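In the working numbering, the protein residues as written are 136 to 809.
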């Protein structure tokens, strides 16, 4: 129930965050353009970035001289041209290999099915000329549009010289003697006034409606389009032209790229389009995930991703919480099951090449004999292999077993001291070098058995011992000369914290460690380049940027193909194979991870805020508190003076305190046990 509640909360937060972030996107213009693609045309795609998606009347004059397109929008020449992809080679209708259909309002392939790019807005007129309009003709056209659609003066006729195609919403059927359909009614056909070419729609639900654009009739398109058949050499004369001009009088309200007047066939298409993305308005999601802009902070981008994907990851978490039922198949009851199965040596390692029969037993080098293992048969004979597994488990955990307790105590010693009494935790053989303190190992093993195999009791025993409580800062020249490798443990050996402990220590110092126990795995934020890879894949990494993602490192989700770079730099385990002991390295990458990494720097800022909140403006109190949180000791007089001068003389006290906390988190003393 709590997880399901998170989905609703995430949607509410996402809506609020989206509203806030959208305010920062500059409201730039959209674009009207032409695209010619397919059928040997290549990909020509150029738009005029003028604002045409505001739902108001606009008109664009798009011309081709056979070499390049040029645009005039609302009477003004394009100041620049834009393109998502493609070039500007000025393809025109005569370049289409086999024109077969005209579509208005959507992209189709001539089969009366819209396949995307559906226009939302009005079309009032589409005019096509067989030549590039000159300045005088464009001036006449501009006066015509202003008068007819904006009521500015007496409307002249549009230029008629070279006019080859004219769709006019003021005369839907191209017959001046018949009235136009009533406003709001569906329109089944729109007829060209020059050649009589008709664009139609038989399906009523997909027919555009009569409307108005400014002060003149128009067809309003929303989930609707018109389609007509054409052929070169018959009605549409403009299909033979290699150059010309198209005038589109329209309005647009679409949020995505949409098509307008399109001629297609033979795998090619020449079409007008309107794209709000073209001039840079773009979708918020694309802007948030585009790290090349500085519109948003990193934490805002991470939060947006987390909220947007909450539903997907909640389903993933619910799947993990589902109980897994185990069932036994083909379990025949007595007396049908045999006893312990026969085991044979596989000759040459071939599974189908049986050798002599062998009986279950234990390593003779450990037991001192070659007698078969005593196996207690299952009285119901239902699980024949369970008896052998039970015999093995009983032998391993037997107090008489000479290895189990010793191996476990050697590993425990290794975890606390950095190396075991036997230096190879998984090898007690002759090549191990033997135990440095065999009697101590035997005694610890005996205590382990006597404590009923309690690891907690043995942890307490070791960490309260005088050996463990020694310091590494011991100067003893005699001991150093006699035992330079410290095999006799006359001092504690300085060692670095494990990767998990370093991360937890940083979070503890900043006061932001989430001490919640149990529950689902956590997914801390990843560095930018890896985080981007995760976002655009079906990865299971549910990035958690808040308190939930700051639980102890033991809860971090382990994925074999994805490791946290900060943890990996400090030799964390990689779940691809078993390792008896961790590698302990000292590399420049570790220093860089602490000093430059986002994680430590964010927590240093949080630590500085914590110190300022609790110690106030007193510099000595700030220094003492920061030392206590990071190094668990008070500062020395020299340290107090040095950092006191640094913080006291800083022009920006907040930045200085932040830098001071960052320095403490980067000291050897913070990451090493002395």
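Even for Gly, the Cβ is constructed at its ideal location relative to N, Cα and C. Predicted, not measured: the structure shown is a model, and the values here were computed from it.
May I have the straight-line CA-CA distance separating residue i from residue j, to the nearest angstrom?
i, j, result
"residue 570", "residue 557", "4 angstroms"
"residue 761", "residue 748", "12 angstroms"
"residue 697", "residue 489", "43 angstroms"
"residue 653", "residue 684", "13 angstroms"
"residue 727", "residue 627", "28 angstroms"
"residue 156", "residue 440", "13 angstroms"
"residue 804", "residue 766", "7 angstroms"
"residue 481", "residue 494", "14 angstroms"
"residue 176", "residue 403", "7 angstroms"
"residue 591", "residue 543", "13 angstroms"
"residue 730", "residue 724", "10 angstroms"
"residue 190", "residue 342", "20 angstroms"
"residue 290", "residue 284", "9 angstroms"
"residue 768", "residue 641", "16 angstroms"
"residue 567", "residue 505", "25 angstroms"
"residue 307", "residue 316", "8 angstroms"
"residue 719", "residue 483", "40 angstroms"
"residue 295", "residue 409", "26 angstroms"
"residue 584", "residue 529", "14 angstroms"
"residue 709", "residue 751", "43 angstroms"
"residue 819", "residue 775", "Residue 819 lies beyond the residue range present for the chain, which begins at 136 and ends at 809; the question has no answer from this structure."
"residue 806", "residue 562", "29 angstroms"
"residue 575", "residue 623", "11 angstroms"
Please confirm whether residue i and residue j have their CB atoms less than 9 angstroms apart.
i, j, result
"residue 658", "residue 679", "yes"
"residue 172", "residue 252", "no"
"residue 398", "residue 365", "yes"
"residue 382", "residue 261", "yes"
"residue 705", "residue 808", "no"
"residue 373", "residue 265", "yes"
"residue 509", "residue 526", "yes"
"residue 553", "residue 445", "no"
"residue 478", "residue 492", "yes"
"residue 394", "residue 185", "no"
"residue 400", "residue 232", "yes"
"residue 598", "residue 522", "no"
"residue 428", "residue 411", "no"
"residue 168", "residue 210", "no"
"residue 703", "residue 656", "no"
"residue 388", "residue 255", "yes"
"residue 594", "residue 632", "no"
"residue 280", "residue 206", "no"
"residue 348", "residue 257", "yes"
"residue 179", "residue 170", "yes"
"residue 321", "residue 339", "yes"
"residue 351", "residue 309", "no"
"residue 450", "residue 733", "no"
Once you ignore the five residues that flank residue i on each side, which residues in its own chain have a CB closer than 8 angstroms to its CB?
i, result
"residue 639", "648, 687, 688"
"residue 782", "754, 757, 758, 788, 791, 792, 795"
"residue 332", "237, 300, 326, 363, 365, 370, 371"
What span of residues does the beta strand (DSSP E) with residue i cover, start to end?
i, result
"residue 810", "Within the shown structure, residues of the chain are numbered from 136 to 809, placing residue 810 beyond reach of any answer."
"residue 560", "Premise fails: residue 560 is in no beta strand (DSSP E) and is neither H nor E."
"residue 491", "489-493"
"residue 384", "379-385"
"residue 364", "361-364"
"residue 299", "298-303"
Given residue i, which residues of its chain have a CB within under 7 angstroms of its CB, disregarding the five upstream and five downstream residues?
i, result
"residue 200", "225, 267, 378"
"residue 214", "none"
"residue 531", "539"
"residue 560", "545, 546, 549, 715, 716"
"residue 607", "626, 627, 628, 629, 809"
Going along the chain, which residues of its own chain have a beta-carbon closer than 6 angstroms to the beta-carbon of residue i, five neighbours each way excluded?
i, result
"residue 203", "223, 225"
"residue 816", "Nothing can be reported for residue 816, as the shown portion of the chain is limited to 136 through 809."
"residue 235", "245, 400"
"residue 318", "345"
"residue 801", "729, 730"
"residue 614", "625"
"residue 356", "240, 254, 343"
First and last residue of the alpha helix (DSSP H) that includes residue i?
i, result
"residue 798", "788-800"
"residue 432", "It is not in any alpha helix (DSSP H) - residue 432 carries neither H nor E in the DSSP assignment."
"residue 422", "419-423"
"residue 757", "754-766"
Please tell me whether residue i has its Cβ less than 9 angstroms away from any Cβ of chain C.
i, result
"residue 386", "Any reference to chain C falls outside this structure, which holds one protein chain only."
| field | Secondary structure, alpha helix (DSSP H): runs of 4+ residues fully inside the region 684-734 | value | Counting only runs of 4 or more, we get 700-704, 723-731.
| task | Run through the region 185-260 for me and flag every whole beta strand (DSSP E) of 3 or more residues, listed as ranges in chain order. | result | Counting whole runs of 3 or more residues, the region 185-260 contains the beta strand (DSSP E) stretches 193-199, 204-208, 236-239.
| Can you list, in chain order, the stretches of the alpha helix (DSSP H) that have 4 or more residues and sit fully within the region 532-581? | Taking 4 residues as the minimum length, the alpha helix (DSSP H) runs contained wholly in the region 532-581 are 539-552, in order along the chain.
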